[in-house]
Structures are given as structure tokens and as C-alpha cells.
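Worksheet: the structure to be examined is printed underneath.
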Amino acid sequence: MKITKIQSHVLEYDLPEELGYSQQFYAKRTAHLVEVSTDEGITGWGECFGPGNIARANKGIIDGVIAPMVLGMDPMDRDVIWHKVYNLMRDHGQKGMPLQSLSGVDIALWDIAGKVAGLPIHKLIGGAHRTRVQVYGYGMMLRREDTDALVARFVDEAAAIKGMGFAATKMKVGLGPRNDVKLCEAVRKGVGEDFDFMVDANHCYTTHDAFYVGRALEELRAYWFEEPVAPEDLDGYRELRVGLKVNISGGEAEFNRWGWRQILENRGLDIAQPEVCALGGITEYLRVLALCHAHFTPVVNHVWGSAIAVATNLQLLAAMPPLPGGLHPREPLLEFDTTDNKFRDELLLEPLNIPAQVAAKGGSVAIPNGPGLGVEPDRDFIEHYSA
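Just so you know, we're using the numbering used here here: the sequence shown kicks off at 4 and counts up by one.
What follows is the structure, encoded as C-alpha cells:
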């Protein structure tokens, strides 16, 4: 079998309302799918992390750099392909967009492998530790409103997400430490006392300000404090983990096993959040997962993007062993963005229907059992939303 074509599909549409987080506001939804074709008619699908112009730049890397390297190679030689591409790109970027681009291609190769074997990817990895995964719903995005209006909105939205049946919820912050604490208090009010909520800062704080917010989160009993400081600030992560009782999480902006080795040896994370569509695909994710567990660091995957990214993560979460194990381990969670996303809800020929599953199954969703990723996108849909 040989790879005959690699095609990028950048999809885009205007959101019904502008959304924001600590770094920016955005009004368009983007997804970057990768399609790998073979001479035996088997096609694999993957996804690259990165919105907007980042997706367009990644498309250029795939089309102009990666595809010429791997056309004609056997798609079953995933590790050979991974190292060939990484080694030839190493002088020009061991992180960032080159790795995001490689991720989409690698995921598509795993999809092909599963289809060749007639098995879901979790079987290729080693089997399913669970047939269902608990889901947390994130929302509470920033808007161009004053703090009082956002506080009222966050109370109602947090209550609504809990009411939808999700196992936990996650919010955004980014107004500044004092106003962010008000938003966190609003979410605790919305979900009540005995419900997990998490706080995502998208690395907007100095260490000093992160301590201010983190101490408030201790009192509010938040489950984790995500990306409190810049991903480069490894000392800040370590100081926060030592000085705060709330779990410190992060890692979505880190790439490959070498970057993750640095984070883990630094002992700055209570919870690791690798992004499979960015760090190097499934091939590299499995190495990162092994590193995390070797450092006794639990993993809750970062998930952002289309139904392809969601399906990929469902396969990985099924195959993730519990850490440290026992009769009642804390199980991994699937992250689910509750804001408007046609590329997650309408892309597939047979939708995952996650909100409906969550409502009907006590906050959990089933692992797809079809070959490869277990899902197939609708080509007419892709053509309609092509950017």
C-alpha cells in the first residue's frame, strides 16, 4: 500500500455571536482536516490544532513540505514516517506549527491502520480500559460586556451546563485578577456546592496574580486551575504547584516528548493536558502519555476542534490506563466545548450526538467501535464550508 495524496481541508463559518478568552475575541469557527489517500482506496482522516490564519499556514506546511516527503511511502509505517518528517523539519521548528501539521497527518495514518485491520484505534493501542467516558462541558466564554453582566451570565450558563447532565464544567477568565475572582464565584454559585468546576486562564497571569486567583479558587474548591501562567514559565508552574492546594494543569501548548520531558521533570503540573492534534499526533501522544504516567502525573486530554478531534480523543481515552489504579480511580474526562460548533455537531455522516448521550447516560459518552477513528465525515459538508 502507498500514500497517493494528502489533502488539507480548512473549514470556516461565521459564529452566531462573538466569543472571547483571555487573549482575544473571535467571530469565526475554523477547523483544519487532513485527508490521506492510498492506492488501495483506503482513506484516513486527521485534524490539525490551530484556528484561522494558523490553519492556513499549517495547510501550507502540509501541502508544500510534508506531502512531498511521504508520497509513495507505506501508510502503515507510521513511526518511520513520523521520524522522517520530524528529522527533516527539525532545523526549522521542533514545536509549533510544524508539529501541528505533522499531527494531522499522523492521526490520518492511524485511521488508515485501523481500517486496514478492521479495528478501532483503541484496539491497536492495546484495548479499552473503559467503554464510556465522563464528559465535562466548558463554556462561560468572555464577551464585550461589563463585569456585572458577565457575572450574571456566568451564573446562568454554569447552571445550564450542569442541567444538561455534564459531569463537570469549565470556565474562562481574563478580566484581571479581582474581576476574575468574581466570575469564579459566579460559576460556583451557578453549579452549587457539590459539583466540579475548572478555571482556564489561557496563560494570562503573572505568577503573583496567579497566586491571588489561585487562593480564591482554593476557597471555592475548584478542581483545577488551567494554564495560569505562560507555558514557558516552568518556574512559575512549579511555584504555584507547591504553594496552592488547587490542582495546577496545563500542557496544551507543549510539543513532542522532549518538551514534555522538561515539564514533567520540573514537577509543575498536577494534571497534564496534552493536545494530540498539536503535539505530534497519536504516535507522539502515546510517548507523552507514557512519560506522564512514568512521572505519576494524571492526564486529562485537551480537546478542541471538530468531530475528528473528538473521535480521536475518545479512542485515546478508552485506551488510557487509570493512574494510579484501584477500586475507585478518578477516571479521565472528555473535554466538550458547549458553544456553537457545526464542525463538531454536523460534520459526520453519523453524528456523535454527545449532548444527547450525556443527558441520557449520566454525563458519559460511548467510545466509537468502528474501524480506525470509528467515524466518517460528510464530503458535501466539507465542500460547503471549505475556506
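The beta carbon of each residue, even a glycine, is placed where N, CA and C say it ideally should be. Computed from a predicted model, the values in this text were never measured in an experiment.
| Query | Result |
| --- | --- |
| Provide the residue(s) that pair with I9 in DSSP beta bridges, ordered along the chain. | V39 |
| Three or more beta-carbon pairs under 8 angstroms between the stretch 153–165 and the stretch 190–200, yes or no? | yes |
| Between G47 and P78, which are expected to be in contact by the criterion C-beta below 8 angstroms, what is the C-beta distance as a whole number of angstroms? | 7 angstroms |
| In terms of alpha-carbon separation, which member of D17, K175, T7, H125 lies closest to T286? | H125 |
| Confirm, please, whether the CB-CB distance from A314 to G366 is below 8 angstroms. | no |
| Would the stretch 90–110 count as touching the stretch 340–359 if we require 3 or more Cβ pairs under 8 angstroms? | no |
| Where does the unbroken beta strand (DSSP E) through K175 begin, and where does it stop? | 171–175 |
| Do the stretch 341–349 and the stretch 306–323 meet, that is, are 3 or more Cβ pairs less than 8 angstroms apart? | yes |
| Residues in its own chain within less than 7 angstroms of N316 by CB, not counting five upstream and five downstream? | V279, N304, V306, L337 |
| According to DSSP, is I251 helix, strand or coil? | strand |
| Name the DSSP beta bridge partners of R135, please? | A369 |
| Look at the alpha carbon of H296 and the alpha carbon of D109, and state the distance between them as a whole number of angstroms. | 22 angstroms |
| For K31, which residues does DSSP report across the bridge? | D17 |
| For W307, which three-state DSSP category applies? | coil |
| Could you say if the stretch 34–47 and the stretch 9–19 meet the contact criterion of at least three C-beta pairs nearer than 8 angstroms? | yes |
| Would you list, in sequence order, the uninterrupted beta strand (DSSP E) runs of no fewer than 3 residues that lie entirely inside the stretch 280–359? | 336–340 |
| So, using beta-carbon positions, are M3 and V68 closer together than 8 angstroms? | No answer is possible for residue 3: it lies beyond the span of the chain, which begins at 4 and ends at 390. |
| Quick check for students: name the residue ranges of the alpha helix (DSSP H) that lie wholly in the stretch 48–124, counting only runs of 4 or more. | 55–64, 70–73, 81–92, 100–120 |
| Determine the closest residue to G262 out of G96, E20, D17, K62, with distance taken between C-alpha atoms. | G96 |
| Pop quiz: L112 and A120 are said to be a contact at Cβ under 8 angstroms. What is the actual Cβ separation, rounded to whole angstroms? | Wrong, their Cβ atoms sit about 13 angstroms apart, outside the cutoff. |
| Considering F228, what are the terminal residues of the beta strand (DSSP E) in which it resides? | 227–229 |
| Check this for me: beta carbons of Y141 and K173, under 8 angstroms apart or not? | yes |
| So, L247 versus G271, is the Cβ gap smaller than 8 angstroms? | no |
| I need the DSSP call for Y141, collapsed to helix, strand or coil. | strand |
| Tell me the rounded alpha-carbon separation between A152 and E20. | 16 angstroms |
| Taking only the alpha-carbon atoms, compute the straight-line gap between G177 and D80 and give it to the nearest angstrom. | 44 angstroms |
| Using the Cβ count rule (16 or more neighbours within 10 Å means buried), how would you classify K31? | exposed |
| Output yes or no for whether 8 angstroms exceeds the beta carbon distance between Y29 and Y388. | no |
| Exposed or buried, A281, counting other C-beta atoms within 10 Å across all chains shown (16 or more means buried)? | buried |
| Considering Cα atoms alone, identify which of H35, V202, G63 is closest to F52. | H35 |
| With DSSP as the reference, label I164 as helix, strand or coil. | helix |
| What I want to know is whether the C-beta of G53 ends up closer than 7 angstroms to one or more non-hydrogen atoms of the ligand ZN. | Within the structure as shown, the ligand ZN is missing, as the structure has no ligands at all. |
| Which of the three DSSP states, helix, strand or coil, is assigned to P374? | coil |
| Alpha carbon to alpha carbon, how far is N250 from L292? | 19 angstroms |
| Do P231 and A213 have their C-beta atoms within less than 8 angstroms of each other? | yes |
| If we call anything under 8 angstroms between Cβ atoms a contact, is P332 one with V136? | no |
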